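Peer 1: Got a structure here, written out as C-alpha cells. Questions coming.
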Amino acid sequence: MHRLQRVLNRLVERVDTPTPIVLADVMQRNIDRMQGFAVEHGLDLRPHVKTHKCVEVGRRQLEAGAVGITAGNVGEAEVFAQAGFEDIFLAYPVWPSGTKGDRIRRLAQTARMRVGVDNLAAIEALAAAMRQEPDRLQVMVEVDCGARRSGAPPEAAGDLARAARKRGLVPVGVYTYPGHGSSGPGSREPAAQDQQAALTAAVRSFGDVGITAEVVSAGSTPTVAFSTSSVITEIRAGEYVFGDLNNTRLGACEEDQIALFVAATVVSDRVPGQVILDVGTKALGREGDPERGYGGIAGKKAVLAKLNEYHGFAAVPGGEARPSVGAVVPVVPNHVCPVVNSFEELVVTDTEGTMLERWPVAARGLLS
1 MHRLQRVLNR
11 LVERVDTPTP
21 IVLADVMQRN
31 IDRMQGFAVE
41 HGLDLRPHVK
51 THKCVEVGRR
61 QLEAGAVGIT
71 AGNVGEAEVF
81 AQAGFEDIFL
91 AYPVWPSGTK
101 GDRIRRLAQT
111 ARMRVGVDNL
121 AAIEALAAAM
131 RQEPDRLQVM
141 VEVDCGARRS
151 GAPPEAAGDL
161 ARAARKRGLV
171 PVGVYTYPGH
181 GSSGPGSREP
191 AAQDQQAALT
201 AAVRSFGDVG
211 ITAEVVSAGS
221 TPTVAFSTSS
231 VITEIRAGEY
241 VFGDLNNTRL
251 GACEEDQIAL
261 FVAATVVSDR
271 VPGQVILDVG
281 TKALGREGDP
291 ERGYGGIAGK
301 KAVLAKLNEY
311 HGFAAVPGGE
321 ARPSVGAVVP
331 VVPNHVCPVV
341 NSFEELVVTD
351 TEGTMLERWP
361 VAARGLLS
C-alpha cells in the first residue's frame, strides 16, 4: 500500500473530502534540506510563501534559518507582517494603484520591505506613494533571464537603480525568475545558466552607475540546485516545502518528498474504465493537460484525465482495479500552489497518521 494511502486510511473517519492533507514530518525534512543546501553554498534562503500562504509553515521556515520571506502581493505581505514577520520581499513589479500605495507605506513602517520594479513609471509611483519617507522602502530591480515574463533587460538594471535612488528609494539589488526551467526535465540547468548570466550582467550594470547590488536573488524550486554561482546571494524557492508532480517529473523533487496531497472520494463509477472523484478545478486548479493529466492517485497508474469544477475524471488503465464508490484516495496535484489557495485550512498529520491539527491558510484568496 502506498504511504499516502496508508496515512489517509488512518484519518478517513475524521476528515471530509476534498481536503488538503500535509505530512508535517515530511514537510519539516523538506524545510531542513533546503536550509542545509543554502548554508552549504553560503546563500540566504528567502522562501516564497505563495506556495503555502500559511503562517504556521512560514514560522517553521524562519525557525530553520530563513532570513525572511518572499510574498507575491501586498495582501500576502500584510498577513505575514501582522503575524510578526519583519523581513519581507514582495517579488513582483508592483504598481501602487488604488489603496496599494498606502498599504505598502504602512508595511514599510513596521517591517523591512523590499519590492520589485522593472520600469521607471513604477519607481516614480512608488516614491510618490511613500510621501515624505521614500527611504523606508527598499527596491529590487527585476531583470529577465529568458522566461519572457516581467523584468527589464539586465543591462538596464543600473539605470533603474539610479532612478530609484534619485527619488529617495533605496536600491539594494537585483532579482530574476528562471521560469523556463520548468519546461521539461532537461531545462533546469540551462535556465539556471541563463539566470546566472542575467544576474551577472545586472550586477555589472549597477556597478557602472556606482551602486552596489548587495542582494542578488535567484529562484526557483526547479532551478535552485543549479543556483550556486558566486554572484548569487539569495534563493527564493517555494514549492520545495510540499513538492508536487510537476517537480517530480522535472527531477527537482523525489516522490518521498511530497508532503501534501488532497483526500478525495470516489462518488461514481458509471462509466467503464473511469471513476469520478469529488475534486475538480475548484480544488486542484487547472494545471495540466490531457497527455499528462491534472493530477494522479498516489500508488496507482490512474490519472485525472479531465476536470470539471467539482468532478475529477480519473481514467483507470486496463489491468488496474477501479477504486469502489465511497473509497477515499490520495490525489497528488500537478502544481501545489493553486491547491493551497483553494482551501481555508490545511489538515496536518504525520506519516503515522497519529496527529491531527488544522492550520489556517491565512493568506488564502488574497490576490491584491
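Read in order, the letters of the sequence shown correspond to residues 1 to 368 in the UniProt record's numbering.
For each residue, glycine too, the CB sits at the ideal point set by N, CA and C.
All figures in this text were calculated on a predicted structure; none of them were measured in a lab.
Which one of 336, 325, 318 has the shortest CA to CA distance from residue 262?
Peer 2: The shortest Cα separation from residue 262 among 336, 325, 318 belongs to 336.
Peer 1: By a C-beta neighbour count over all protein chains shown, 10 Å radius and 16 as the cutoff for buried, is residue 243 buried or exposed?
Peer 2: So residue 243 counts as buried.
Peer 1: What's the call for residue 76, buried or exposed, on a 16-neighbour Cβ count within 10 Å?
Peer 2: Burial call: buried.
Peer 1: Measuring alpha carbon to alpha carbon, tell me which of 326, 346, 297, 325 ends up nearest residue 5.
Peer 2: When each option's Cα is compared against that of residue 5, the closest is 297.
Peer 1: Applying the criterion that 16 or more other CB atoms from any shown protein chain within 10 Å of the CB defines a buried residue, is residue 317 buried or exposed?
Peer 2: Exposed, since its Cβ has fewer than 16 Cβ neighbours within 10 Å.
Peer 1: Determine the direct distance from the alpha carbon of residue 17 to that of residue 265, and round the result to whole angstroms.
Peer 2: One C-alpha to the other measures close to 6 Å.
Peer 1: Based on the DSSP output, what are the partners of residue 116 in its beta bridges?
Peer 2: DSSP lists 93, 140 as partners of residue 116.
Peer 1: For residue 195, count neighbouring Cβ atoms within 10 angstroms of its own Cβ and tell me buried if that reaches 16, exposed if not.
Peer 2: Residue 195 comes out buried.
Peer 1: Going by C-alpha distance, which of 292, 108, 3 is nearest residue 334?
Peer 2: Looking at the Cα atoms, 292 is the closest of the given residues.
Peer 1: Are at least three pairs of beta-carbons, each pair with one atom in the stretch 199-214 and one in the stretch 148-167, less than 8 Å apart?
Peer 2: Output reads yes: the stretch 148-167 touches the stretch 199-214.
Peer 1: Provide the residue span of the beta strand (DSSP E) that contains residue 276, from first to last.
Peer 2: Start and end: 274-277.
Peer 1: What does a CB cutoff of less than 7 Å around residue 250 pick up in its chain, not counting 5 residues either side in sequence?
Peer 2: So the list reads 182, 185, 188, 222, once near-sequence residues are dropped.
Peer 1: When the Cα of residue 285 is compared with those of 277, 254, 340, which residue comes out closest?
Peer 2: Residue 285 has its Cα closest to that of 340, out of 277, 254, 340.
Peer 1: Going by C-alpha distance, which of 258, 279, 259 is nearest residue 268?
Peer 2: Residue 268 has its Cα closest to that of 279, out of 258, 279, 259.
Peer 1: Output the distance between the C-alpha atoms of residue 207 and residue 30, rounded to the nearest integer angstrom.
Peer 2: Approximately 37 Å, taken between the alpha carbons.
Peer 1: Can you tell me whether residue 9 is buried or exposed, with buried defined as 16 or more other CB within 10 angstroms of its CB?
Peer 2: So residue 9 counts as exposed.
Peer 1: Just tell me which of 218, 310, 117, 160 has its CA closest to the CA of residue 211.
Peer 2: Selected option, being the one with the closest Cα: 160.
Peer 1: I'd like the list of long-range same chain contacts for residue 26, defined as Cβ closer than 6 Å, with 5 residues on each side in sequence excluded.
Peer 2: Excluding residues within five positions, the ones whose Cβ falls inside 6 Å are 259.
Peer 1: Is residue 46 closer than 8 Å to residue 234 when the C-beta atoms are compared?
Peer 2: Closer than 8 Å, so yes.
Peer 1: Using beta-carbon positions only, say whether residue 162 and residue 224 come within less than 8 Å of one another.
Peer 2: Their beta carbons are not under 8 Å apart, which means residue 162 does not touch residue 224 by this criterion.
Peer 1: Sorted by chain position, which residues of the same chain lie with C-beta nearer than 8 Å to residue 303's C-beta, five sequence neighbours on each side aside?
Peer 2: Answer for residue 303: 292, 293, 294, 295, 296, 297, 314, 315, listed in chain order.
Peer 1: Could you pull out every residue in the same chain whose Cβ sits closer than 6 Å to the Cβ of residue 56, ignoring the five residues on either side in sequence?
Peer 2: These residues qualify, in order along the chain: 359.
Peer 1: With respect to the beta strand (DSSP E) encompassing residue 215, which residues constitute its N-terminal and C-terminal limits?
Peer 2: Element bounds for residue 215: 215-218.
Peer 1: Should the stretch 74-89 be regarded as contacting the stretch 124-135, the criterion being three or more beta carbon pairs within less than 8 Å?
Peer 2: Output reads no: the stretch 124-135 does not touch the stretch 74-89.
Peer 1: Between the Cα of residue 166 and the Cα atoms of 114, 312, 120, 110, which residue gives the shortest distance?
Peer 2: Taking only the C-alpha atoms, the option nearest residue 166 is 120.
Peer 1: On the criterion of 16 or more Cβ atoms from any shown chain inside 10 Å, does residue 98 qualify as buried, or is it exposed?
Peer 2: Residue 98 comes out exposed.
Peer 1: So residue 123 and residue 164 are in contact, right, with Cβ under 8 Å, and what is the actual spacing, rounded?
Peer 2: 5 Å between Cβ atoms; contact.
Peer 1: So which of 168, 193, 190, 145 has the shortest CA-CA distance to residue 174?
Peer 2: Of the candidates 168, 193, 190, 145, the one whose C-alpha sits nearest the C-alpha of residue 174 is 145.
Peer 1: Rounded to whole angstroms, what's the CA-CA distance from residue 13 to residue 330? Just pull it up for me.
Peer 2: Whole-angstrom Cα-Cα distance: 14 Å.
Peer 1: Do residue 2 and residue 299 have their C-beta atoms within less than 8 Å of each other?
Peer 2: Contact flag set, yes.
Peer 1: Let's test the definition: count the other Cβ atoms within 10 Å of the Cβ of residue 33 and tell me whether it reaches 16, buried, or not, exposed.
Peer 2: It counts as exposed.
Peer 1: Could you tell me which residues DSSP puts in a beta bridge with residue 289?
Peer 2: In the DSSP output, where bridge partners are listed per residue, residue 289 has 293.
Peer 1: Measure the Cβ-Cβ separation of residue 58 and residue 67 and say whether it is below 8 Å.
Peer 2: Contact flag unset, no.
Peer 1: Which residues in the same chain have their Cβ closer than 6 Å to the Cβ of residue 246, if we skip the five residues on either side of it in sequence?
Peer 2: Answer for residue 246: 334, 335, listed in chain order.
Peer 1: My guess is that residue 351 and residue 7 are in contact by the Cβ rule of under 8 Å, so how many angstroms apart are they, rounded?
Peer 2: So it is a contact: roughly 6 Å between Cβ atoms.
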